[in-house]
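Every number in the numbering used here is 36 more than the matching position in the sequence shown, counting from 1. Using N, Cα and C, we set each Cβ at its ideal position, and we do this for glycine too. Accompanying notes for the structure given below.
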Amino acid sequence: MEKNIFQLDNEQLKEIARSFKAKVEEGLNTENAEIQCIPTFITPKASGINGKSLVLDLGGTNYRVAIVDFSKMPPTIHPNNGWKKDMSIMKTPGYTREELFKEMADMITGIKREKEMPIGYCFSYPTESVPGGDAKLLRWTKGVDIKEMIGEVVGKPLLDYLNERNKIKFTNIKVLNDTVASLFAGLTDSSYDAYIGLIVGTGTNMATFIPADKIKKLNPSHKVDGLIPVNLESGNFHPPFLTAVDNTVDGISGNPGKQRFEKAVSGMYLGDILKATFPLEEFEEKFDAQKLTSIMNYPDIYKEVYVEVAQWIYSRSAQLVAASLTGLIMLLKSYNKDIRKICLVAEGSLFWSKNRKEKNYNMIVMEKLRELFSLFGLEDVEVDIKSMNNANLIGTGIAALS
């Protein structure tokens, strides 16, 4: 293939950055915007993080439980990496809230805990945060459908259930999603001026702290001030300069017209983009980002044109992430011109993937960020991209103590 149909020049990436910035502003001001910008009503303590919290992590159909201890930095996790359990049983038709709570409680019983302890609950399903730090379940995804929980808060009923079953009292519960948890994890280092949480794995999303007075859609009755954690739900951004191939992938997806940024960036869809580029060729049915990176890393066993196009798709994904980050950082700088050092906690297998022949994904993001910063006059901004073990457990532990 002679022409790289996935190539984006810096002028196009600048336009994508500006568009992302404008769409985030729109999401902060209005409901049901393209980029939703969902506030999370959990404010970390300005005086620092101290104490222990019980952390529950229910994502996909895996469940983890751990105690996170912040008495010294870096925080410690007991047991190491948490106890993990496969919760595929949640997908069983007719599975109830009572059954879910019992499974969760049984795991907690085996962990040595303090007499009184707060709970942080990382709940990676679509929710709406409510004042006080709980969250209302909007809908189930990933094959789960416990109908009695839809439209209800997920934290308080679980807290009540656990306190009825246990002699140890749990004092409160805070609910957040995995992207906001990654954002909070960065707070273990207080030397930064701003923080961003980023996921680029099977899916993609971002979160950051926004001044409350810039979130015009906030209900005045919530009476919040200072910096508010905001889950952008950035995967639904519709960037300019997508291709006819992207339109094909969107058309055959389960949600046409939605999550266009995610479909151009995330691991779930990169293989589909390659397949759609060669519609007359036969590919195996399961063809994800892992397969795409395999083609790039073992070029001798694949057609040369597949290797070339896989590299284009991989690079474009990283450049789109860099452009969206640039747009978000431009917005943060417009709120506070003194921002110089930014902590970016990046999670996800695609973001940290290796590329034997060319640059790794995270390096493409970093280099393109520098180029775009230079073009936008942001040379004074330094972004520290961090990989943190157990970022979501640490971030959720911080939320519990907030």
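Here D336 is exposed. Its C-beta has fewer than 16 other C-beta atoms within 10 Å. Sorting F220, P75 and F159 by C-alpha distance to the C-alpha of V260 places P75 at the top.
For G363, the enclosing alpha helix (DSSP H) begins and ends at E340 to Y371.
Counting every other CB atom within 10 Å of its CB across the protein chains shown gives R100 a total of 16 or more, marking it as buried. Collapsing the DSSP output to three states places I41 in coil. Within the DSSP secondary-structure output, S89 pairs in a beta bridge with V104.
The beta carbon of F245 is closer than 8 Å to those of L219, A230, Y231, L263, I264, P265 and V266 in its chain, skipping five residues each way along the sequence. Assignment of alpha helix (DSSP H) within the segment 43-83, counting only whole runs of 4 or more residues, yields 46-65 in chain order. Here M126 is not bridged, per DSSP, to any residue. By the CB criterion at 7 Å, K88 and I103 fall inside the cutoff. Per DSSP, T145 is one residue of the alpha helix (DSSP H) stretching across R133 to T145. DSSP, reduced to helix, strand and coil, places D420 within a strand of the structure shown. By the neighbour-count criterion, in which a residue is buried when 16 or more other Cβ atoms sit within 10 angstroms of its Cβ, L316 is exposed. Taking 3 residues as the minimum length, the beta strand (DSSP E) runs contained wholly in the segment 198-225 are 205-212, in order along the chain. For the set G96, T362, C158 and K39, the Cα lying nearest the Cα of I125 is the one of G96.
Ranked by Cα distance from I365, the options Y338, F409, Y397 and K339 are led by F409. For the options K57, D416, E383 and L44, the alpha carbon positioned closest to that of G222 is the one of E383. Just measuring C-alpha positions, the residue of D420, L429, S438 and W119 sitting nearest S227 is D420. Check the Cα spacing between E67 and each of Q43, K252 and E135: the tightest is with K252. Contact annotation: the segment 387-397 touches the segment 343-357, with at least three C-beta pairs closer than 8 Å. Listed as beta-bridge partners of P265 by DSSP are F245.
In this structure, the alpha-carbon of D45 lies about 16 Å from that of Q347.
Sixteen is the threshold: since fewer than 16 other Cβ atoms of the shown chains lie within 10 Å of the Cβ of Q43, the residue is exposed.
A residue is called buried when at least 16 other Cβ atoms come within 10 angstroms of its Cβ; M242 meets this threshold and is buried. In the three-state scheme derived from DSSP, where H, G and I count as helix and E and B as strand, S257 is classed as helix.
Sequence-distant partners of V91 (beyond 5 residues in either direction) whose C-beta falls short of 6 Å from its own C-beta, in its chain, are A102, V104, G156, L429, T432 and G433. Straight through space, the alpha carbons of I204 and E321 are spaced by roughly 50 Å.
Within the model, the alpha-carbon separation for E269 versus S370 is close to 21 Å.
Three or more beta-carbon pairs separated by less than 8 Å are not found between the segment 167-180 and the segment 140-154, which leaves the two stretches without contact.
Note: W119 is bridge-paired with V101 in the DSSP secondary-structure output. For P193, the three-state secondary structure derived from DSSP is helix. Leaving aside the five residues that flank V189 on each side, the residues in its chain whose CB is nearer than 7 Å to its CB run, in chain order, V166, D170, A171 and K172. Between I309 and D282 a beta carbon distance of about 7 Å is seen, short of the 8 Å cut, so the two are scored as contacting. Proximity to K50 across I209, G237, K404 and N425 peaks at K404, based on C-alpha coordinates. Residue range A325 to N333 is occupied by the alpha helix (DSSP H) that includes I331.
Within the same chain, G363, M366 and L367 come within 6 Å of K57 by CB-CB distance, once the 5 residues on both sides are set aside.
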